[in-house]
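Quick note on our numbering: the sequence shown kicks off at 561 and runs consecutively. Yeah, the Cβ is synthetic: ideal placement off N, Cα and C, and Gly gets one too. Structure first, then comments.
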Amino acid sequence: MKCRFAPSPTGKIHIGNARSAILNWIFCQKNQGEFVLRIDDTDANRSSKEFETSIKDDLKWLGLNWSYTFNQSSRQHIYNEKIQILKQKKRLYPCFETEEELALKKKSLLSSGKPPIYDRSSLNLSDEEVEKKIESGIQPHWRFKLDHENIGWKDIIKGDVSFDAKNLSDPVLIRADGTLLYHLPSVIDDIEEKITHIIRGEDHIANTAYHIQIFKALESSIPSFAHHPFLVDETGKGFSKRLGSLSIENFRDEGYENISLLNYFLFIGSSSNIDPIKDLNEIVKKFDIQSLSRSSAKFSIESLRNLNENTIKLFSYNEISHKLKNIKSNFQKESFWRFIKNNISFVNQAKEWEEVITKINNAKDLNIDDSFINTAVDELPEDPFDETTWDHWTSKINKKTGLKGKDLFMPLRLILTGKSHGPELKYLLPLFDRDEILQKLGKI
561 MKCRFAPSPT GKIHIGNARS AILNWIFCQK NQGEFVLRID DTDANRSSKE
611 FETSIKDDLK WLGLNWSYTF NQSSRQHIYN EKIQILKQKK RLYPCFETEE
661 ELALKKKSLL SSGKPPIYDR SSLNLSDEEV EKKIESGIQP HWRFKLDHEN
711 IGWKDIIKGD VSFDAKNLSD PVLIRADGTL LYHLPSVIDD IEEKITHIIR
761 GEDHIANTAY HIQIFKALES SIPSFAHHPF LVDETGKGFS KRLGSLSIEN
811 FRDEGYENIS LLNYFLFIGS SSNIDPIKDL NEIVKKFDIQ SLSRSSAKFS
861 IESLRNLNEN TIKLFSYNEI SHKLKNIKSN FQKESFWRFI KNNISFVNQA
911 KEWEEVITKI NNAKDLNIDD SFINTAVDEL PEDPFDETTW DHWTSKINKK
961 TGLKGKDLFM PLRLILTGKS HGPELKYLLP LFDRDEILQK LGKI
């Protein structure tokens, strides 16, 4: 088994093509296959090395390793060989209509209630007529001559799919300037690299009908196909490739865990629940491509954020310690992680909590009664503190003041953190010694 991901380096990876990459990669992992990265950079005007580097960096961050990579821009000699074969077989033929002429033909067909299918008028030109047009300076574009037959396949996700080729226009494979459109280099590369499974978005379904005939014309075996549905927003509308906020780079910069993205994009719109998972092997074991829905799945940034939040809770300190290097306080870091892990959506929020709990808050500014502070000071246990210290301390304050519940806990939370909500305070006290707590209480 061999799969490929084939992005164009004309922009950053967004949630749509990231899902294709993840599905291909996990499918290979599940079936002990090989995953290849192909860079579709035949459009020299729009492609850039900057975007190519960005794509590779994002894939590496996601954990999608590939066995090798190649660029279509370096394979023109291979394409030229196959082009000659198709020309010799009369499957590629030159066409001379201008864009304006084609637009008029399309308009005429539509106005008369007919499908806008190319009429093959250039196919009827004699060799002499073709030569005469070329000699006059008209450069042809080249179309692939479809066999008018039923084109069908068993799609791994969509089930049975078929097209009647009589209802399809012969696709343009080569522009008048000699540059290649998507279809031909894609099929040739899949043949050359012996790709066995092609997993891509459902916008390629019509392309697959063309591609199957090109595979046949080049006397190649035909890969298996799987077309996954689009992701849509919560209103059911599609996403634009240009929405930077939905790029993988942006998710990484915000602080999402790569395992959360893998988990979410694999199981959204499937029959499987999206439960927090921290182990990639568990995700691979759970994944079944045939469980994917045939209809579009609604992407929710809130659901993804909640998944990331719940995934973080699964990490032990040892698994996350390398991400806490920017915590400079003299905390016992494992205790600090225990304190914050259930109250953050992203690990990078640890820095915010460090700033919160090291800040000294003024009891008067918080409208906390002096008598309460004095009692809290008097009843503060001796250090070292542990996770039982909080209960001992609040129990003693309760006995002395009669306060309980919110009336007891809220003043302490405010003076210790400056916030009215947050992590369990039994995990906070072990981060400090007695003098530091007294300083927070305004007594040092």
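Beta-bridge partners of A786 (DSSP): I759. Taking each of D737, S955, G571 and L744 in turn and checking the Cα distance to I638, the smallest one comes out for L744. When C-alpha distances from D925 are compared across K959, L974 and N640, the shortest belongs to L974. Ranking A566, G738, E691 and I717 by CA distance to the CA of S784 puts I717 first. As DSSP reads the structure, H882 sits in no beta bridge. Rounded to whole angstroms, L583 and K845 show a C-alpha spacing of 14 Å. Shown here, D724 sits in a strand according to DSSP, grouped into three states. In the DSSP secondary-structure assignment, K714 is bridged to D720. Ranked by how close their Cα comes to the Cα of L741, the residues H708, T977, L822 and D600 have D600 in first place.
Contact between I615 and L791 is ruled out by a C-beta separation of about 19 Å, above the 8 Å threshold. L991 and W950 do not touch by the CB rule: their CB atoms are close to 12 Å apart, not below 8 Å. Its chain contains Q909, A910, W913 and P983 as the residues whose beta carbon lies nearer than 8 Å to that of I900, once the 5 sequence neighbours on both sides are disregarded; these appear in chain order. By the criterion of at least three beta-carbon pairs nearer than 8 Å, the stretch 934-943 is in contact with the stretch 987-1001. Judged by their CB atoms, R703 and D730 are nearer to each other than the 8 Å cut-off. A direct Cα-to-Cα measurement between S681 and S746 gives close to 27 Å. Counted as a single uninterrupted DSSP element, the beta strand (DSSP E) harbouring N631 occupies residues T629 to N631. Counted as a single uninterrupted DSSP element, the alpha helix (DSSP H) harbouring K960 occupies residues T949 to T961. The continuous beta strand (DSSP E) containing E594 extends over residues E594 to I599.
By DSSP's assignment, C563 forms a beta bridge with F595.
Counting only residues of its own chain and dropping the five nearest sequence neighbours on each side, Q699 has a CB closer than 6 Å to the CB of A736.
Leaving aside the five residues that flank E939 on each side, the residues in its chain whose CB is nearer than 7 Å to its CB run, in chain order, W953, K956, I957 and K960. A residue is called buried when at least 16 other Cβ atoms come within 10 angstroms of its Cβ; K885 does not meet this threshold and is exposed. Here S889 is exposed, its C-beta having fewer than 16 other C-beta atoms within 10 Å. When secondary structure is reduced to three states using DSSP, G796 falls in the coil class, being assigned neither helix nor strand. The way I'd put it, the stretch 561-577 does touch the stretch 590-608; three or more beta-carbon pairs between them come closer than 8 Å.
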